[in-house]
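Only one structure is covered here, and it is reproduced in the block below.
Right, dumping it as structure tokens:
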């Protein structure tokens, strides 16, 4: 059972994640500032959207907070949680996507959310990184930081949330992951199967559907969201600091814009949240804050053999065991992509 | 009943439409040439994709031809044609999208296709225009040319195919049409209801579901595709010739790239053909040839009041009776947008 002040606590948590990260990003950027717009949802609730445009580091960054409610959840969610049928629902969450200008800095995404509907409640969320140029140590750092955040709550979590992320952020029509992943989880209520793979995400399961032998209670799942949300800046900031002064030219910029096209494809074709929002009268401008400021498409493009762009495509858009697969080191060393 | 050589005739027709238009476009462009790639579909059939990149007029143009077959149509089509269930099917068609560089020249799309599956067969297709800057006379010319092509087969057709186009090329999440429309039709087999609006396209019907009192036979529908396919160059070329030397600057280019973002949104979120292709293992590079070479997104953008960009958004992305509504003339005159 959730505590009596569950909604207020969850809302306060996602608001504090949003605030902490926005402040940190403004300091990192040094010039860009987030502009905030509040909005009201006619069907119930509302939110705050913050956007940074043409910063020094961030070409665009969008950060959303929302707290919404309604009379009945849509069928796509009720399929996963039939017990919620016929009950009013409440949801609060924060999400963000940052598109840096320098192609050596990866694009990043974060989302943490909490739902209640009658007898059921659950937490969901995660964070994933999408590099344009391959650096093994950046991938390792991002994964390790999130693994530690998960481990601090339950050491059985990361081995499930990591492959779940690879599976969710997958472009089936390209046979590519969106990036090097991170963590993803959904419908976490402490009991029952936590990861059903094919049933929940439409592609084959790659991980256990059980997290340890222990059910997690509301407070532990709250702590998980808090711990992972707070891991975001430590996971991402060092990568920015390391890459921000790396010089780039037209070649790198063109490749970045091309790969950003894939980001658009994922978000508009496969991302359940985006599609659901657009098809059900969500706030379009807030939903599409995740799209890049500039992107390009080129028929029949493929990176020249042996290039760093090919390494990105071949190795960094496939699911990898970043923290444990030693063969990655060799593959990256010859391309100067360990760093 | 289709004639005994129906498949061959339909294939020859769409190939000749593709050839005629590509030749015409190369002459218009003066520099760019189409490069052709043939491909084989593992499940049966294949196609030819032609692309022009970095031409003088066309920043990118993609033209596809395909002739494919299989054992059973997908559920999304069987819903519309249940008689086809359990039968092998055949489909041939051509489609193209042209993205000109000059923002005063509209983007344009064309598609004509023919299906057979057991006891049923049908034609589908159409063409629609997406201007970035508003010119009433361009819209009128494009519509009038297609109206004449329809009228030459049956004067009852255009009044149905024109609103059907507005309805199909509609971005619900933006409350905008993709452009000024043209014609669109699907599941045309000469009998039965030809346009069921809500049932066929998911949005409210705006037109009669009956075309005159007369059923059209196979030859008449073949003639319709031929007539409309041949109307494409006369509908589009004069607009290119009129606009190609109009000077533009950063403002116009930026607006064009912004509006191209809407083109991406329509194709990836709403276009049944694109989504179906991507989700069912179609040839991704050929399907996504419709996407623009460069596009941008900007949070919260809105055109300044009274500008030509606002006229485009307010008037040219809403369904209009371009050929009969005299009030459009007044609205466009004050913006110098009749021409």
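Residue numbers (the working numbering), protein chains in the order written: chain A, 54 to 392; chain B, 54 to 392. We treat Cβ as the ideally placed atom computed from N, Cα and C, and that holds for glycine. Source: prediction; values computed, not measured.
Between residue 92/A and residue 339/A, the C-beta gap is smaller than 9 Å, which places the two residues in contact.
If you look at residue 130/B, you'll find it isn't in any beta strand (DSSP E); it sits in the alpha helix (DSSP H) that goes 128-131. For the segment 123-157 of chain B, the set of residues with a beta-carbon nearer than 9 Å to any beta-carbon of chain A is empty. Across the set 161/A, 224/A, 149/A, the C-alpha of 149/A shows the shortest separation from the C-alpha of residue 102/A.
Residue 196/B and residue 202/B have their C-alpha atoms spaced approximately 10 Å apart.
Residue burial annotation: residue 210/B is buried, with at least 16 other C-beta atoms found within 10 angstroms of its C-beta. C-alpha of residue 139/B to C-alpha of residue 145/B: approximately 20 Å in a straight line. Note: residue 347/B is bridge-paired with 349/A in the DSSP secondary-structure output. Below the 8 Å Cβ cutoff, chain B contributes 349, 350, 351 as neighbours of residue 346/A, in chain order. Residue burial annotation: residue 83/B is exposed, with fewer than 16 other C-beta atoms found within 10 angstroms of its C-beta. For the segment 306-322 of chain B, the beta-carbon criterion of a distance under 7 Å to any beta-carbon of chain A is satisfied by 317, 318, 321, 322. Closest option to residue 200/B, judged by alpha-carbon separation, among 186/B, 282/B, 158/B: 282/B. According to the DSSP assignment, residue 153/A belongs to the beta strand (DSSP E) that extends over 142-153. Rounded to whole angstroms, the gap between the alpha carbons of residue 70/B and residue 279/B is 8 Å. Taking C-beta atoms as the reference points, residue 325/B and residue 205/B fail to come closer than 9 Å.
Boundaries of the alpha helix (DSSP H) harbouring residue 327/A: 325-332, taken from the DSSP string.
Excluding the 5 residues flanking it on each side, residue 77/A has same chain C-beta neighbours closer than 6 Å at 286, in chain order.
Legend: CB atoms of the segment 93-111 of chain A lying less than 9 Å from CB atoms of chain B belong to residues 102, 104, 106. Residue range 303-318 is occupied by the alpha helix (DSSP H) that includes residue 314/B.
Counting along the chain, the unbroken beta strand (DSSP E) around residue 163/B starts and ends at 160-170.
Residue range 211-221 is occupied by the alpha helix (DSSP H) that includes residue 211/A. In chain order, 368 place their CB closer than 7 Å to the CB of residue 384/A, counting only its own chain and leaving out the 5 sequence neighbours on each side.
Within the model, the alpha-carbon separation for residue 232/B versus residue 321/B is close to 16 Å. Around the beta-carbon of residue 359/A, fewer than 16 other beta-carbon atoms lie within 10 Å, marking it exposed. Chain order gives the chain A residues near residue 338/B as 352, 353, where near means a beta carbon separation below 7 Å. For residue 361/A, no Cβ of chain B is located within less than 9 Å of the residue's own Cβ.
Residue 181/A is classed as buried because its beta carbon has at least 16 other beta carbons within 10 Å across all chains shown.
Going by C-alpha positions, residue 230/A is about 44 Å away from residue 294/B. Residue-level contact check: residue 164/B does not touch chain A, since none of the beta carbons of chain A fall below 9 Å from its beta carbon.
A straight line joining the alpha-carbon of residue 186/A with that of residue 373/A spans about 16 Å. Look at residue 335/A: its C-beta is under 9 Å from a C-beta on chain B. Taking a Cβ-Cβ cut-off of 8 Å, the neighbours of residue 328/A in chain B comprise 322, given in sequence order. Straight across, the Cα-Cα distance linking residue 62/A with residue 316/B is about 41 Å.
Boundaries for residue 67/B: no beta strand (DSSP E) harbours it, while the alpha helix (DSSP H) harbouring it runs 59-82, taken from the DSSP string. Comparing C-alpha distances from residue 288/A to each of 216/A, 159/A, 327/A shows the shortest one belongs to 159/A. Looking at the DSSP output, residue 224/B bridges to 229/B.
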